[in-house]
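Chemist:
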Amino acid sequence: MSQDNIYIKNKKAYFEYHILDKYVAGIKLLGTEIKSIREGKANINDAFCTFINNQLYVRNLHISEYSYGSFYNHEAKRDRVLLLNKKELKKLLTRGEEKGLTIVPLALFISERGFAKLEIGLAQGKKTFDKRETLKERDTKVEMDRALKR
2 MSQDNIYIKN KKAYFEYHIL DKYVAGIKLL GTEIKSIREG KANINDAFCT FINNQLYVRN
62 LHISEYSYGS FYNHEAKRDR VLLLNKKELK KLLTRGEEKG LTIVPLALFI SERGFAKLEI
122 GLAQGKKTFD KRETLKERDT KVEMDRALKR
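Adding 1 to a residue's 1-based position in the sequence shown gives its number in the working numbering.
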């Protein structure tokens with residue numbers, strides 16, 4: 002199968018936040034959802050993570066409806082449970098309550114065993130000048146690459 006190349010990245014998260022810690026979490030999905038992800042029809046740009054009743058949920062993760070699904074098809078933007086062990090959940094819960102820290106989805110991918118995984122990060126929001134600095138670094142890197150190609 003060609004599921005190895007499914008890697009949906011949240012580029013906006015790396016621009017908006019400083020990533021402090023990264024975790025890989027499983028996602029509790031329906032059958033039509035995993036089929037849509039394998040087709041590459043998912044968007045995590047607007048997604049965010051939140052705790053509800055001591056369980057970590059990802060919200061606003063858009064997984065398009067499966068094209069061959071019948072009336073069993075899923076809702077595109079429903080809340081989905083993230084599967085982490087208790088130790089990681091406790092750590093995220095305590096660190097997430099600190100001022101200025103949030104949990105953001107970084108990437109959605111298919112593991113070697115065929116399961117959908119979500120890479121999440123404990124992040125701190127960047128200030129405007131930090132974002133400008135990121136843009137400058139990116140521009141200088143592009144200029145250096147161009148100079149090396151000549």
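In this text, a Cβ means the ideal position worked out from N, Cα and C, and glycines have one as well.
A quick note: this is a predicted structure, and the numbers were derived from the prediction, not measured.
Taking only the alpha-carbon atoms, compute the straight-line gap between Leu164 and Cys50 and give it to the nearest angstrom.
Modeler: Nothing can be reported for residue 164: it is not among the residues displayed for the chain, which extend from 2 to 151.
Chemist: Please check the pair Ala48 and Ile64, which I expect to be a contact at CB under 8 Å, by giving their CB distance rounded to whole angstroms.
Modeler: About 10 Å; that fails the 8 Å criterion.
Chemist: For Asn11, does the count of other Cβ atoms within 10 angstroms reach 16, so buried, or fall short, so exposed?
Modeler: buried
Chemist: Please state whether DSSP places Lys127 in a helix, a strand or coil.
Modeler: coil
Chemist: What residue from Ile7, Asn6 and Gly122 has the CA that sits closest to Gly97's CA?
Modeler: Gly122
Chemist: Report the rounded CA-to-CA distance for Gln56 versus Gln125, giving the unit in angstroms.
Modeler: 21 Å
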